[in-house]
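Numbering (the numbering used here), first residue to last: 78 to 247. Where a beta carbon is used, it is the ideal one built from N, C-alpha and C, also for glycine.
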Amino acid sequence: MLGQTRKTGKAYDRKITFGEYLEKRHAWRVAESETGDGLKRSTLTTDREIIDAYLKLGLGHLKMVDQLGTDQIRELYAAIRLINRETEGKRPSEMLRRLLEARASLKGRRYSNRPVGESRIKRVHIVLNAALNDAVKVSKILDENPADGVMRSKGGAGRKGQGQATALDR
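Written out as structure tokens, the structure reads:
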């Protein structure tokens with residue numbers, strides 16, 4: 078289970094799917110929050126929404142050790158970018174189809190009809206990356222985080238002073 082290791086330092090259940098791991102990790106974080114040491118309830122609510130609307134649907138069926146990799150993560154982000162956008166007659170990928178079907182019935186109502194913005198994709202990446210970092214450092218399921226280096230900032234845009242050259246920098 079989560080955090081239990083053998084002499085090798087690897088987790089007992091290396092066949093765990095990413096969806097199963099996300100559920101166990103989220104339950105652990107909720108329990109931690111209830112003691113007053115964890116995240117705020119609003120952060121956990123946002124994380125839960127991202128897990129349900131994107132991560133479990135796109136990657137949850139994959140075994141963490143043998144199937145979850147950089148290519149699958151990039152495919153997820155590409156599919157999220159296509160949500161509620163014109164596909165010019167192209168047939169949606171299997172991943173995009175799963176995401177669209179779930180969004181159509183999430184909580185019994187249509188989730189949203191707007192395209193997903195880059196800020197939301199960055200939030201998805203934050204939740205994904207943190208879960209995979211825990212899988213490496215805490216649970217010892219993975220040797221390395223397949224999400225490392227996948228999301229790169231385009232730079233330039235952002236809050237004042239972030240990514241923008243000032244007169245002192247020139």
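For residue i, which three-state DSSP category applies?
i    : result
E97  : helix
K133 : helix
K199 : helix
K167 : coil
K214 : helix
Sort the options by Cα distance to residue i and report the nearest one.
i    : options                : result
D124 : I203, E111, E97        : I203
S196 : R174, A224, I157, K167 : I157
L176 : E126, K217, D220       : E126
V215 : G96, T120, W105        : W105
E44  : K199, L116, V107, L145 : An answer regarding residue 44 cannot be provided, because it is not within the stretch 78 to 247 covered by the chain.
N161 : E152, T147, E178, R151 : E178
Tell me where the alpha helix (DSSP H) around residue i begins and ends.
i    : result
R125 : 118-127
L28  : Since the first and last residues shown for the chain are 78 and 247, residue 28 lies out of range.
Alpha carbon to alpha carbon, how far is residue i from residue j?
i    : j    : result
R102 : L132 : 13 Å
R91  : A208 : 15 Å
I128 : L99  : 7 Å
T94  : V142 : 8 Å
K140 : D211 : 16 Å
Q149 : L136 : 7 Å
A234 : R191 : Because the pLDDT at A234 is just 45, under 50, the model does not fix this residue reliably, and the point stays unresolved.
G113 : V213 : 25 Å
E163 : L134 : 21 Å
L219 : D225 : 13 Å
Could you please give me the residues that DSSP links to residue i through a beta bridge?
i   : result
K92 : Its beta-bridge partners do not exist; DSSP assigns none.
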